[in-house]
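A short write-up of the structure that comes next.
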Amino acid sequence: MRGDRVFVRRLAIVVVCLVSLAGACLLAWWQWNRYESASGSWQNLGYVLQWPLFGLFPAFMVWRIRRLRQRERESEERAGAGPVAAPPRDVPRPRRPEPPRTTRDEPDDELAAYNRYLAELNAKDRHDRP
């Protein structure tokens, strides 16, 4: 059963990579036609070169992930530790850092006046509501 899932997953990855490449090649062909038209510009030629790279990116990522996993397995084998256990799912969230405290002892008069003004507006707004 697990082997079937792995096969289907790998097949899906290959299909996604091929569809991505085919779509990008179609877009590159479209940009080439735009470049050859009377209203074409160098920007269209740039896209002609750029779209195939976008189409190859998913295949590159698959190759890169496989390579990183292989390196990880090799480093674990060299260390003789075996596979590393996955971290528990109920890991506590990191705490927010506390805002820095000011060392000023005197209150800020301008800030205090602004806070009083906001308090007056809030009281007036509460009084005006039905």
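Counting the sequence shown from 1 gives a position; my numbering is that position plus 55. Every residue, glycine too, gets a C-beta built ideally from N, C-alpha and C.
Hey, out of Ser92, Gln98, Gln105, whose CA is closest to alanine 79's CA? Check the Cα spacing between alanine 79 and each of Ser92, Gln98, Gln105: the tightest is with Gln105.
Grab me the residues of proline 113's own chain with a C-beta within less than 7 Å of its C-beta, minus the 5 sequence neighbours each way, in chain order. Here the set comprises Val71, Cys72, Ser75.
Rounded C-alpha distance that separates arginine 57 from aspartate 145: Put simply, the backbone Cα of arginine 57 is about 26 Å away from that of aspartate 145.
Which residues in the same chain as tyrosine 243 place their Cβ atom closer than 7 Å to its Cβ, once the five residues preceding and following it in sequence are excluded? With the chain covering 56 to 185 only, the question about residue 243 has no answer from this structure.
Could you check what DSSP says for glutamate 153 in three-state terms: helix, strand or coil? Coil, per DSSP.
What three-state label does DSSP hand serine 75 in the structure shown? Of the three classes helix, strand and coil, the one that applies to serine 75 here is helix, per DSSP.
Could you check how far apart the C-beta atoms of proline 107 and alanine 77 are, in whole angstroms? I think they sit under 8 Å. Going by Cβ atoms, the distance from proline 107 to alanine 77 rounds to 11 Å, so no, they are not a contact pair.
Applying the 10 Å Cβ sphere with the 16-neighbour rule, what's the burial state of glutamine 199? One cannot answer for residue 199 here, as it falls past the ends of the chain, which runs 56 to 185.
Given a threshold of 16 other Cβ atoms within 10 Å of its Cβ, counted over all protein chains shown, does glycine 110 qualify as buried or as exposed? Counting Cβ neighbours within 10 Å, glycine 110 comes out buried, since at least 16 surround it.
Helix, strand or coil, according to DSSP, for arginine 171 in the structure here? Three-state result, arginine 171: helix.
Inter-residue spacing [alpha-carbon to alpha-carbon] between serine 130 and arginine 119: The alpha-carbon separation between serine 130 and arginine 119 amounts to approximately 17 Å.
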